[in-house]
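Worksheet for the structure shown next.
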Amino acid sequence: MKMKKLIYSAFIAGMSFTAVSCSDYLDVSNEITKNLSIEEVFNSPSYTKSWYINMYKSISEYSETGSDVNAFKNPWSNLCGEIASQIAPSKDVMTSGFTAGDAPYHRWKDLYQYIRQAMIFIERGKPVGSTADQQVITLDEMNRMKDEAKFFIAYCYVTLFEQYGPAPIVTETEDPAEPKKHDYERPSVDEFVTYVDDLLKEIIEGSSLPDAVGTNLNEMMRPTKVTAMALRAKFWMFVASPLFNGEYEEAVKLTDKAGKHIFPEKNVEKWKTAREHVKALITFAESKGHGLYKVKNQGGAIDVNESLYKLFQCYNEEVLWASTNNSYSDEWLMERRTTPRDIYNSYGTVGPTQESVDQFFMNNGLTIKDNGNGYNENSLVNVTNVCNENKRVDANVFNMYADREPRFYAAVIYQGKSWHIQPNGNPDYIVDFSVNGGVGPSSSDTPMVGYLLGKFKNRKILNTNGYLSSFFRPSIIFRLADFYLYYAEACNEVNANDPDIITYLDAVRERAGIPGYQKLKEDGKKDIIGNQVAQRKAIQQERFAELFCEGQRYFDIRRWMICDEGKAADQTLFSGMNEYGDPTKPIGSNESYYKRTVLEKRIWRKAMYLYPIAQDEINQCPKLVQNPGW
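My numbering puts the sequence shown at residues 1166 to 1795.
Quick look at the structure:
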């Protein structure tokens, strides 16, 4: 049947198929939604491109960790306790708890909208325009755009999977003029995996996507074969992980209305498949010029601090996929929300929790719990601020923050740390979170944890005249170090004696400026090599330190199932320093600033390993089975 005008209220191809306006569904220009038929849209190069560009809104940009972020940004770092934010809407979610009826940060409906848009594009898109037109879409370009649409379909399904588990597969588009009630069943994990993996295989092996972006920055956001291989590798890491691979007992028992099990029994062979796909991605990416980003000094050695800083300031060889998002300088987002309020009208409220501070390694490569690490919490010392433009030596710094690894100094702004740019008229400025300090708890614009987030910040920006006010930084979605650690993890689950485990784990540590585990063993300081449990723990902690606040930890600790009380990523409480204390009082006393203080007691239940499908969707689709415990 001929598609009618797109002006009317349409029914979307999500699970609910509830009525929304066409403009809500398409989210493209009013001119399209008010005046054009579907045929007219795809007879116009400009409107076709508008439809195509809208598919990019399906991308989750995890590098944006400000105070006002939605489910497609990064509330996840707050929800899993990597950071705390005094005023973010996500602040109260885990302290209040939620149900299937009121859970925030859903991506379900939106992702199904994007899936349908991509499917319609594949069906309707065609070469259009002539060489005389200002805009033209050639056959080659349309073929590439359709392959990108296939990629976005796969991407949406993978994003659904990491949050909810297996979600219904939609294979037909509906005529919005004649809405029908649909009641899709959830496929099993294995059925879902087969569908998505086949789609990704088709994209990788038979598409017109370029191998990689290379130096063409105008295309850094467009999917490539490297991007598709990265998505496939990440997908299989989730498929093989305990949450989706038979170790979530309640999920294994879950059946649909016909008695079909949704989640499988454990299958260790899935780790072999994950290992193969991650290694294939690494090999292919490196053959196309990708590698760990390293800044070298004049002598040819790695400048660790500059490497860790500039990694997030420019598009570079480590980036496998990035967006052009550059919202850092808005007052509600990254830059001003991670700058102390006493520096030119900023609103610093976003900071790492004490639990995050404790996860970073020492400079000697050991954890703060390892024997012989040199760590203590008993005095104030001098600490060189490697992030400061003059490498200032800061006096009277808590030795909790001394001799820590370079990633710690790049990521954490702590009590007594000088700012990277000394403000005009205040050449000796230090950050003071204590009760009488410039960033103390007398205002709502303070991080309740006693820390601010330093990662991602550009060290030339100050919100005042005469300084850089904004700086373009790509928002990194996939980068190679992430997949080095995925590969080490998969190898460890297949064979704990695989030498690639330590090779790839140590490669990440070398760039981070700390000794690898091979060196630690040779020096007699720590030996984990060949011990599967110890290597697993080391990889998990390395993923924290390397990928801190990049949107991975929320999903990592769930797929590993280590969130319960007493486990490695205990989600029941979070702490910080005592902001109402005095830094001159004896360390550890109730009056001291330097005292670990529980700030949040959180509601955690096992059901939270998987996000609930919105209750409205369940109510409208009787065959749609809810996740366990909801």
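Think of the CB as a built atom: it goes at the ideal place given N, C-alpha and C, for glycine as much as any other residue.
On the criterion of 16 or more Cβ atoms from any shown chain inside 10 Å, does residue i qualify as buried, or is it exposed?
i, result
"Tyr1632", "exposed"
"Ile1768", "exposed"
"Glu1327", "buried"
"Ile1218", "exposed"
"Cys1479", "exposed"
"Thr1518", "buried"
"Pro1787", "exposed"
"Asn1743", "buried"
"Arg1770", "exposed"
"Leu1304", "exposed"
"Ser1209", "buried"
On the three-state DSSP scale, how would you describe residue i?
i, result
"Asp1559", "strand"
"Trp1486", "strand"
"Arg1708", "helix"
"Phe1637", "coil"
"Ser1372", "coil"
"Thr1420", "strand"
"Ala1249", "strand"
"Leu1442", "Position check: residue 1442 holds His in this sequence, whereas Leu was assumed. His1442 falls in the helix class under three-state DSSP."
"Ser1261", "helix"
"Ser1242", "helix"
"Glu1306", "helix"
"Thr1503", "coil"
"Val1673", "helix"
"Asn1538", "coil"
"Ile1778", "coil"
"Val1193", "Annotation note: pLDDT 45 at Val1193 (below 50); position unreliable, coordinate value reported separately. Coil at Val1193, not helix or strand."
"Lys1625", "coil"
"Ser1521", "helix"
"Trp1795", "coil"
"Thr1514", "coil"
"Thr1392", "helix"
"Ser1757", "strand"
"Thr1549", "strand"
"Leu1618", "strand"
"Met1527", "strand"
"Val1361", "helix"
To the nearest angstrom, report how far apart residue i and residue j are at their CA atoms.
i, j, result
"Ala1445", "Tyr1669", "14 angstroms"
"Gly1581", "Tyr1458", "30 angstroms"
"His1426", "Gly1741", "43 angstroms"
"Cys1728", "Asp1747", "33 angstroms"
"Ala1677", "Pro1606", "34 angstroms"
"Tyr1270", "Ser1242", "13 angstroms"
"Glu1711", "Asn1200", "50 angstroms"
"Asn1410", "Asp1735", "21 angstroms"
"Phe1598", "Gln1700", "37 angstroms"
"Asn1564", "Val1548", "8 angstroms"
"Glu1500", "Lys1622", "7 angstroms"
"Tyr1774", "Arg1724", "8 angstroms"
"Pro1407", "Ile1778", "20 angstroms"
"Asn1792", "Tyr1776", "7 angstroms"
"Thr1762", "Lys1214", "53 angstroms"
"Ala1466", "Ser1472", "11 angstroms"
"Arg1506", "Ile1578", "13 angstroms"
"Glu1782", "Gly1681", "48 angstroms"
"Met1307", "Pro1352", "32 angstroms"
"Asp1275", "Glu1337", "17 angstroms"
"Ile1626", "Glu1554", "12 angstroms"
"Asp1647", "Ser1223", "21 angstroms"
"Gly1799", "Glu1675", "This structure gives no information on residue 1799, because the portion of the chain shown stretches from 1166 to 1795."
"Gln1780", "Gly1266", "5 angstroms"
"Asn1510", "Asn1628", "7 angstroms"
Looking at residue i and the ligand ATP, is the gap between the Cβ and the nearest heavy atom below 8 angstroms?
i, result
"Phe1409", "Among the components of this structure there are no ligands whatsoever, and the ligand ATP is therefore not found."
So who's on the other strand from residue i, going by DSSP bridges?
i, result
"Phe1643", "Trp1486"
"Gly1741", "Thr1762"
"Asp1747", "Ser1757"
"Lys1461", "Ile1467"
"Ser1583", "Ile1595"
"Ile1578", "Leu1617"
"Arg1569", "Met1527"
- prompt: Should the stretch 1292–1310 be regarded as contacting the stretch 1345–1360, the criterion being three or more beta carbon pairs within less than 8 angstroms?
  reply: No, they do not touch.
task: Report yes or no: do three or more beta-carbon pairs, one from the stretch 1274–1290 and one from the stretch 1304–1314, lie closer than 8 angstroms?
output: Here the stretch 1274–1290 lies against the stretch 1304–1314, with 3 or more beta-carbon pairs under 8 angstroms apart.
task: Could you say if the stretch 1363–1381 and the stretch 1613–1626 meet the contact criterion of at least three C-beta pairs nearer than 8 angstroms?
output: They do not touch, by the three-pair rule.
query: How do the stretch 1541–1550 and the stretch 1748–1766 stand: do at least 3 beta-carbon pairs fall below 8 angstroms, yes or no?
result: Counting Cβ pairs under 8 angstroms, three or more are found: they touch.
query: Are three or more beta carbon pairs between the stretch 1646–1658 and the stretch 1433–1441 nearer than 8 angstroms?
result: Yes, since at least three Cβ pairs between the stretch 1646–1658 and the stretch 1433–1441 fall closer than 8 angstroms, the two stretches touch.
- prompt: Should the stretch 1587–1594 be called in touch with the stretch 1483–1491, which here means at least 3 C-beta pairs below 8 angstroms?
  reply: Touching, no, given that fewer than three Cβ pairs across the two stretches are closer than 8 angstroms.
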